[in-house]
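A.B. asks:
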Amino acid sequence: MQQLLTAVDSLRRENELLRARQDRLRNMIASWDADEIGAASSVTSQQSRRLENVGSVNNPRTACQCDQKGNELAATPTSVANFEIPDLNAQNETFTRTTGLTLEYAGADLGLGHLNSVQRVEATVPNIPPAIQLPELPHSSAVQALPSTVPAWCLVPMNEYGHDPSLVPATAPWFTRPELVIACPPVPAPLDLLHGTRRNYLANEIHCAIRRRAIRDAECLALGWLGYVYSKWRVSPNPATFARLAPFQQPVMTQIQHGHPTSLDMVMWPQLRVNMIRNWTKYDFAELMGYLSCCTKVRWPWGKDMLERDADDNLQIRQEFFEVFTRESGWGLTSEFIDKYPELMEGLDVEALRFRMILPSEPE
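Structure, rendered in structure tokens:
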């Protein structure tokens, strides 16, 4: 009985917080409507001057895209910085009209052009009414790119769902301490992921979570790195943290539209992510994630070195290994998962995905 009372009290406090957030959002939207009415005349007077200079002005949609093919951001072990964010006010207005989400930029001066002046970027996700909800993609195209009218780094997955949280194991407990995650370095040291550390909260939490499974060091390091850079982006969405994601880690439409547990966002294959997000309530969630974590394998030879020493004699991830685990094709699933959950393989090339471990004594 005491546990039920505690749960009810916790839900009541959470409901109060959500109601307060909803009231703040209503007030914010009302203030925007007032600003738009006051600015309508000035916008009309400026249109003629803008048309005269249309040949020399860049398309604002093109200017704010973070994932253009011509300027694609590559995921590398090195730190990424000094990104410019053009016209934040224009992006905020376009983003809100398109998605119903609200961008919050920390810092008093929104006119600053460089990321270094932006202390924190967050996305507050209200309940999106059907009138402005992002369009649902057909099942066959669920992994298509997000709308290009807003920067992809702004759109974070919807990790809210109408189920008792106690029924879903806390597979990523570090998200409850975002301030500690933000304070961690942009990328982890490989030894911290393999053996744990007292100096990097996020790396140590990920190490402890992964080592609960019986997996080899190659998966521990690769999964740890990908989970680390994803977590850094998830708690602090901005161009720099988004650029460190591997291409297959970037969210797809289903992640933005459908509530689901956070751990599903870390599934390697976008199509499998979509299938699991749509069907995860049909399974024993703990068993499903247990099978997935043990059956996910990086395509790296058994016993081959993953680390190498840099010019200062420090151990770092071998570039060849990094290039393997940051590609979707560098990962596979063993037959145990494929055979147990064949319905989740819809839309995937099963044989290309299937993984078979080749021991050093076996011929390839």
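Quick note: the sequence shown uses the numbering used here, first residue 219, plus one each step. Where is the CB? At the ideal position from N, CA and C, for every residue including glycine. Note that this is a predicted model, so its numbers are computed, not measured.
Classify Val485 as buried or exposed, calling it buried when 16 or more other Cβ atoms lie within 10 Å of its own Cβ.
C.D. replies: Classification for Val485: buried.
A.B. asks: With Lys595 as the anchor, note down where its beta strand (DSSP E) starts and where it stops.
C.D. replies: Because the chain spans 219 through 582 in this model, residue 595 falls outside it and cannot be assessed.
A.B. asks: Among all the DSSP beta bridges, which residues are the ones paired with Glu437?
C.D. replies: Answer is none; Glu437 lacks a bridge partner.
A.B. asks: Count Cβ pairs between the region 406–417 and the region 487–498 that sit closer than 8 Å; are there 3 or more?
C.D. replies: These segments do not touch.
A.B. asks: Would you tell me roughly how many angstroms separate the C-alpha atoms of Trp451 and Thr224, rounded to the nearest one?
C.D. replies: Computed Cα separation, rounded: 33 Å.
A.B. asks: Using three-state DSSP, classify Arg231 as helix, strand or coil.
C.D. replies: Of the three classes helix, strand and coil, the one that applies to Arg231 here is helix, per DSSP.
A.B. asks: Once the 5 residues before and after Leu566 are set aside, which same chain residues still bring their CB inside 6 Å of it?
C.D. replies: If we look at Leu566 and ignore the five residues flanking it on each side, its Cβ neighbours are Gln489.
A.B. asks: Can Gly590 and Glu541 be called in contact, C-beta distance under 9 Å?
C.D. replies: In this structure the chain extends from 219 to 582, so residue 590 is not present and cannot be described.
A.B. asks: Over the uninterrupted beta strand (DSSP E) stretch that includes Ile535, give me the two end residues.
C.D. replies: Element bounds for Ile535: Leu533 to Ile535.
A.B. asks: If you compare alpha carbons, which of Leu525, Ala464, Leu439 and Ala427 is closest to Trp371?
C.D. replies: Nearest of Leu525, Ala464, Leu439 and Ala427 to Trp371, Cα basis: Ala464.
A.B. asks: To the nearest whole angstrom, what separates the beta carbons of Glu437 and Thr514, a pair I think is in contact under 8 Å?
C.D. replies: Glu437 to Thr514, Cβ: 7 Å. Contact.
A.B. asks: If you count every other CB in all the chains shown that lies within 10 Å of the CB of Pro479, and 16 or more means buried, which is it?
C.D. replies: Counting Cβ neighbours within 10 Å, Pro479 comes out buried, since at least 16 surround it.
A.B. asks: In whole angstroms, what separates the C-alpha of Gly414 from that of Leu571?
C.D. replies: Their Cα atoms are separated by approximately 31 Å.
A.B. asks: Measure how close the beta-carbons of Thr367 and Ser481 come, nearest whole angstrom, since I'm counting them as under 8 Å.
C.D. replies: Not really, about 29 Å apart at Cβ, beyond 8 Å.
A.B. asks: Check the DSSP bridge columns for Arg572 and list the partner residues they point to.
C.D. replies: Its beta-bridge partners are Leu551.
A.B. asks: Would the region 423–431 and the region 439–447 be scored as touching if the rule is three or more Cβ pairs under 8 Å?
C.D. replies: Touching, yes.
A.B. asks: Compute the beta-carbon to beta-carbon distance between Ser449 and Trp392, rounded to the nearest angstrom, for a pair I have assumed lies under 8 Å.
C.D. replies: 6 Å between Cβ atoms; contact.
A.B. asks: Along the beta strand (DSSP E) that carries Leu525, what are the first and last residues, could you check?
C.D. replies: Looking at the DSSP string, the run of the beta strand (DSSP E) that includes Leu525 is Leu525 to Arg527.
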